[in-house]
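Chain order of the listed sequences is R and B.
Residue 1 is where the first sequence starts when you use this note's numbering, and the numbers rise one by one after that.
Residue 1001 is where the second sequence starts when you use this note's numbering, and the numbers rise one by one after that.
Built from N, CA and C at the ideal position, the CB exists for glycine as well.
Presented below is the structure to which this report refers.
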Amino acid sequence: MNFDLSGDQQAIQDLCREFARDVVAPQAEALDREAEFPYAIVRQMAGLGLFGLPFPEKYGGAGADTVSYALAVMELARIDASVAITLAAHVSLGASPFYLFGTEAQKAEYLVPLARGEQLWGFGLTEPGAGSDAGATQTRAELRAGQWVINGTKAFITNSGTDLTGGTTITAVTGTDAAGRSEISNIIVPQATPGFTRSKKYNKMGWRASDTRELSFADAAVPEGNLLGVRGRGLKQFLQILDGGRISVAALSVGLAWGAYDEALKYAKARIAFGQPIAKFQAIQFKLADMRMEIEHARVMVMKAAWEKDEGRDFALTASLAKLYSGEVSRRVVNEAVQIHGGYGFMDEYPVSRMYRDQKINEIGEGTNEIQRLVIARLMGL
Amino acid sequence: MVIPEDRQLNIVVAVKLVPDTNADKRIDPQTRRLVRSAAETVLNPFDEYAIEAGLQLKEQLADGSSVTIVTMAPESGKEVVRKALAMGADRAVMLSDPAFAGSDVWATAYVLAAGIRRIGFDLVLTGTQSTDAITGELPGALAEYLGVPGLTYAREIHVAAGRVRVKRETDTGYQTLSAPLPALASITKSAAEPRFASLKGIMAAKKKEIAVLRLADLEIAQAVGGDGAKLEVTELTASPARAAGKTVTAADGNAGARTIVAFLKERNLL
Ligand SMILES: Cc1cc2nc3c(=O)[nH]c(=O)nc-3n(C[C@H](O)[C@H](O)[C@H](O)COP(=O)(O)OP(=O)(O)OC[C@H]3O[C@@H](n4cnc5c(N)ncnc54)[C@H](O)[C@@H]3O)c2cc1C
């Protein structure tokens, strides 16, 4: 056993910690208030190579490991969850499908610019009527004269409508199998496809600076070659993507909790009540000790899942456990962080108020708490 | 020695490893030295400006000139030094020997000069001070031991035609100085902001060389380490706790405003 980070893991953590502190932190409150996508920050992150962090150099990436990637997301989320999800959704959901299922030609065309951070890409699984029940996809893609003609709607798609977005890969029903069940495939839909439109950004409670939109397809036609992976395996492929995505969402939850804890600790030492810093009250000390304990626990789980992935092991169970647990830890920790701030925690000037709003999605996105429990039970053989 | 115009420059940046200013610090009451732990050691933030200046010079020259990092520090600081390589420096040399421990600023400058001569140099860059000792004396001492002109407190630096030219900021304005290479310049925080080490830089740094030179590898003709130190720390005391401040709130109304105005006037701030 060895809990030490390697030299480059440590360096990547330091880089993201400094970048988040020096570049992101001063803008976080305003970006959240204005619900403004952080273009300048994203361009800088692209320049640093963060968007290609875990992909091999030959595809424009940095060739770092999953542990480093989880550390990067964690450090960003400690300061700003919107920036962290922009990175996490891009890497785990937008770019990974090309890496895992793309042909060499598709990797060259799509993965390389994504890994270089020249473009962002969306992952279109959820629909207005198909979220947890992702197999209930209504969007259809019909093969007509060498083209997939797509009709349908996708809901809540991250990074799908920024000025940098190159397109979205979706799940669509491409036929029925012998047993009469929907055959679902993944189709690559570039932004400029006629008939493919994006709604305005949703007005959200949290992750306000991140880009989330509804997508509409009205006879949107793309070449037959835009099929990603194997026809009929689209749902399986996307669920496999979500297994990896859980590591980064778990890292995001731990980072958010950690950031709220940082703020609470600082505040507790500075805030005077009854003639002494509130950190001297045992009630506050116990809250901080519990927060610290839960963050440490969740962090170890995330690191273990990332390590298992790097070792080429089956990480699905650990990743799901980590995602579920970290999401719940982030709820308890942000809640106590606001509590420690008293009324000030309810005010927008204090980062914990934003963190409180940013937290809830951790228990919903990329598989709700309930769905995680289903996944875990299934992996336990139940 | 005249450096020909077309010669690639050997830029050497001297850096110090210091305790992270964000970490809790502890002083050993026996040795009166800081207790150093590898985990909480960072590159002296002031030195990052010198690294940045060196990298920019190298990029501007774009003629194969190189940037070498040199530091006198225990080998446990290797990963900290690697950050300078991740920023883009070509190689690093650590001067590491138990005999160097306890060096004061003069002994440090002496050892660094021996190391830098061994590496070979045209231009030595340093920060202006370290966040731990804050003497600000090292650049001058190092220039002296190297026997080269020391152009201190540079906010801009240019190299052309075998000469270095710097712009210095003084209390009353700017000075432009020029000197033939080889030379030393210390870079202030008004120079370019240090870059972040990119992912590419971090991954590339893994493969870059960090050489270690010991006492025996250097031409050292005088006592170094604690024995060579001229300065002795005779006493260390914690600074007195600050008196509680005066608090004025909106509830104090006009009287409160008057208190604030009087307070600022007393200090010539208004
Ligand atoms: C900000 C944001 C960004 C997002 N980004 C993306 C994206 O980039 N790409 C993408 O495809 N999707 C994205 N999503 C969608 C997200 O993954 C879904 O919202 C989530 O999976 C839940 O689906 P749903 O909203 O349809 O809820 P539903 O599935 O309708 O769930 C409603 C409730 O019922 C529970 N429930 C459902 N089924 C069961 C069951 N079998 N047993 C017990 N309880 C159950 C759920 O846990 C939940 O509590 C995003 C969502 C948000 C809010």
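When the options are compared against residue i, the one with the closest alpha-carbon
| i | options | result |
| --- | --- | --- |
| V1093 of chain B | B:V1164, B:R1118, B:Y1110 | B:R1118 |
| L374 of chain R | R:M45, R:S320, R:A40 | R:S320 |
| R1165 of chain B | B:T1172, B:P1182, B:D1252, B:A1023 | B:P1182 |
| T1234 of chain B | B:A1023, B:A1133, B:V1018, B:T1031 | B:T1031 |
| K304 of chain R | R:A70, R:A11, R:N226, R:F19 | R:A70 |
| L1017 of chain B | B:S1096, B:A1179, B:S1198 | B:S1096 |
| I1116 of chain B | B:L1213, B:L1236, B:I1260 | B:L1213 |
| G1054 of chain B | B:I1027, B:G1077, B:G1088 | B:G1088 |
| R5 of chain R | R:I376, R:A306, R:V338, R:M347 | Per the sequence shown, the amino acid found at residue 5 of chain R is Leu instead of Arg. When only C-alpha atoms are compared, the closest one is R:A306. |
| W258 of chain R | R:I272, R:I241, R:I278, R:I295 | R:I295 |
| G232 of chain R | R:W207, R:G312, R:T137 | R:T137 |
| I272 of chain R | B:I1011, B:A1244, B:E1040 | B:A1244 |
| P1045 of chain B | R:E18, R:G135, R:A251, R:V73 | R:E18 |
| Q27 of chain R | R:R208, R:Y99, R:Q119 | R:R208 |
| L143 of chain R | R:A221, R:G124, R:A178 | R:A221 |
Simplified DSSP state of residue i, which is helix, strand or coil
| i | result |
| --- | --- |
| E1193 of chain B | coil |
| G1127 of chain B | coil |
| D1104 of chain B | coil |
| I371 of chain R | helix |
| P190 of chain R | strand |
| S216 of chain R | strand |
| M1001 of chain B | Low confidence applies to M1001 of chain B: its pLDDT is 45, below 50, so where it sits in the model is not reliable, and the reading given next is rough at best. It is coil, neither helix nor strand. |
| Y1174 of chain B | strand |
| S96 of chain R | helix |
| Q13 of chain R | helix |
| A1113 of chain B | helix |
| D262 of chain R | helix |
| I376 of chain R | helix |
| T174 of chain R | strand |
| W307 of chain R | helix |
| K1058 of chain B | helix |
| M3 of chain R | First, the residue type needs correcting, since residue 3 of chain R is Phe and not Met in the sequence shown. Note: F3 of chain R maps to coil in three-state DSSP. |
| K1208 of chain B | coil |
| Y1274 of chain B | Outside the shown range of chain B, which is 1001 to 1270, sits residue 1274 of chain B, and nothing can be said about it. |
| P223 of chain R | strand |
| L382 of chain R | coil |
| T1031 of chain B | coil |
| P351 of chain R | helix |
Contact test: residue i Cβ vs ligand 1 heavy atom, cutoff 7 angstroms
| i | result |
| --- | --- |
| G244 of chain R | no |
| E370 of chain R | yes |
| G124 of chain R | yes |
| E366 of chain R | yes |
| F156 of chain R | yes |
| W207 of chain R | yes |
| L374 of chain R | yes |
| L93 of chain R | yes |
| A1133 of chain B | no |
| G131 of chain R | yes |
| T212 of chain R | yes |
| I361 of chain R | yes |
| K204 of chain R | yes |
| A89 of chain R | yes |
Closer than 8 angstroms to chain A by CB, residue i
| i | result |
| --- | --- |
| D8 of chain R | Annotation note: the requested chain A is absent from the structure, which comprises protein chains R and B. |
Residue range of the alpha helix (DSSP H) that includes residue i
| i | result |
| --- | --- |
| K1200 of chain B | 1199-1205 |
| I85 of chain R | 81-88 |
| F1263 of chain B | 1253-1266 |
| A322 of chain R | 316-341 |
| P113 of chain R | 112-115 |
| A20 of chain R | Where A20 of chain R is concerned, there is no enclosing alpha helix (DSSP H), given that its DSSP letter is neither H nor E. |
Limits of the unbroken beta strand (DSSP E) element including residue i
| i | result |
| --- | --- |
| E142 of chain R | 140-144 |
| N151 of chain R | 147-158 |
| K1083 of chain B | Segment 1078-1087 is the alpha helix (DSSP H) holding K1083 of chain B; no beta strand (DSSP E) there. |
| A1014 of chain B | 1010-1014 |
| E1169 of chain B | 1163-1169 |
Touch test, the segment 1172-1190 of chain B against the segment 1065-1081 of chain B, Cβ-Cβ under 8 angstroms, three pairs minimum: Taking a cut-off of 8 angstroms for Cβ pairs, the segment 1172-1190 of chain B and the segment 1065-1081 of chain B do not touch, as fewer than three such pairs fall below it.
At least three beta-carbon pairs within less than 8 angstroms, the segment 149-165 of chain R to the segment 122-139 of chain R: yes
Touch test, the segment 304-323 of chain R against the segment 349-356 of chain R, Cβ-Cβ under 8 angstroms, three pairs minimum: no
Segment contact flag, the segment 323-343 of chain R with the segment 170-180 of chain R, C-beta cutoff 8 angstroms, min 3 pairs: no
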